[in-house]
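J.: These protein sequences, in sequence, are chains A and B.
In terms of the working numbering, the first sequence is residues 1 to 114.
In terms of the working numbering, the second sequence is residues 115 to 229.
We treat Cβ as the ideally placed atom computed from N, Cα and C, and that holds for glycine.
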Amino acid sequence: NAGVTQTPKFQVLKTGQSMTLQCAQDMNHNSMYWYRQDPGMGLRLIYYSASEGTTDKGEVPNGYNVSRLNKREFSLRLESAAPSQTSVYFCASRTDSFPSDTQYFGPGTRLTVL
Amino acid sequence: AQSVAQPEDQVNVAEGNPLTVKCTYSVSGNPYLFWYVQYPNRGLQFLLKYITGDNLVKGSYGFEAEFNKSQTSFHLKKPSALVSDSALYFCAVRDQSTGFQKLVFGTGTRLLVSP
């Protein structure tokens, strides 16, 4: 049981390049999330998916797209990377047992855009 | 809108002393509150949560949190700090405006426990 996995762990991009961050969970959770973490700003939600086939914008969606490929996988795409997207990106999934549900986080992807 | 505030960027405490990491919240309706911890170069880990019931919530690694409705606070506490408790701590509240799907996080408090 690996929990939430993310690839890659590190990435350096040049401005204007594109890339996809991958996330997978093996806990059979319906809900999945993408956050970015920046110093002094905590975690901010980029997109989330309440179930397979649905996605919704979070607090900071501009410059990103997501795909909920199936129940296990939720990817985040940067179409044209900008230096402002330098950040640490975390994927999370959530149990469905409201109100006792909990979010479980992956180890993160550290992205630098030059 | 739901929000949490962590007024301290950093808390310093000596090993063996009690520690408190502060969090205040603003919600409409009943609050569902959480604490997460992040060790260096790791993702966030769930520590504890308050849903309803007893105002003192016990969690992982000897941590507990006290819910105070009148002061709208949910402070994280531990009776005796360990050097290994040094980490970044986040308070979070469930966002009721989105059908409870999302968490809103505070900006985090860095805890430094000195030997």
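Could I get the ranges of all uninterrupted beta strand (DSSP E) runs contained in the region 57-105 of chain A, with 3 residues as the minimum, in chain order?
T.: Taking only runs of at least 3 residues, the beta strand (DSSP E) segments lying wholly in the region 57-105 of chain A are 64-68, 74-78, 87-94, 103-105.
J.: With a threshold of 8 Å between beta-carbons, can V217/B be considered close to chain A, or not?
T.: Before going further, note that residue 217/B is Leu rather than Val in the sequence given. By this cut-off, L217/B is an interface position.
J.: Grouping DSSP H, G and I as helix and E and B as strand, with all else coil, what is S18/A?
T.: Coil, per DSSP.
J.: Is the beta carbon of F219/B closer than 8 Å to that of L111/A?
T.: Cβ distance not < 8 Å, so L111/A and F219/B don't count as in contact.
J.: Can you list the residues of chain B that S31/A reaches, using a CB-CB cut of under 7 Å?
T.: Per Cβ cutoff of 7 Å: Q215.
J.: Determine the DSSP secondary structure at T221/B, reduced to helix, strand or coil.
T.: Reduced to three states, the DSSP call for T221/B is coil.
J.: Of all the CB atoms in chain A, is at least one closer than 8 Å to the CB of F181/B?
T.: So, not an interface residue.
J.: What do you get for G222/B, buried or exposed, if any count of 16 or more other CB atoms within 10 angstroms of its CB means buried?
T.: Classification of G222/B: buried, given that the 10 Å Cβ count is 16 or more.
J.: Using the beta-carbon count (16 or more within 10 Å), is S149/A buried or exposed?
T.: Here chain A covers residues 1 to 114 and nothing more, so residue 149/A does not appear.
J.: Once the 5 residues before and after T15/A are set aside, which same chain residues still bring their CB inside 7 Å of it?
T.: Excluding residues within five positions, the ones whose Cβ falls inside 7 Å are A81, A82, P83, V113, L114.
J.: Looking at the C-beta of G157/B, does it have a partner C-beta in chain A at a distance below 8 Å?
T.: So, interface residue.
J.: Looking at the unbroken beta strand (DSSP E) that takes in M32/A, where does it start and where does it end?
T.: Unbroken beta strand (DSSP E) run through M32/A: 31-38.
J.: If distances are taken between C-alpha atoms only, which option among D209/B, L225/B, S184/B comes closest to A201/B?
T.: The residue with the shortest Cα to Cα distance from A201/B is L225/B.
J.: Let's see if you can read the secondary structure: which residues bound the beta strand (DSSP E) around V12/A?
T.: Element bounds for V12/A: 10-13.
J.: In the DSSP assignment, find the unbroken beta strand (DSSP E) run with E122/B in it and report its ends.
T.: Note, E122/B: premise wrong, no beta strand (DSSP E); not H, not E.
J.: Less than 8 Å between the beta carbons of M32/A and Y48/A, yes or no?
T.: Yes; because the gap between Cβ atoms is below 8 Å, this pair is in contact.
J.: When the Cβ atoms of the region 66-82 of chain A are set against those of the region 115-131 of chain B, are three or more pairs found closer than 8 Å?
T.: Contact between the region 66-82 of chain A and the region 115-131 of chain B is absent, because fewer than three Cβ pairs lie under 8 Å.
J.: Could you check if K172/B is buried or exposed, using at least 16 other CB atoms within 10 Å of its CB as the buried criterion?
T.: Label assigned to K172/B: exposed.
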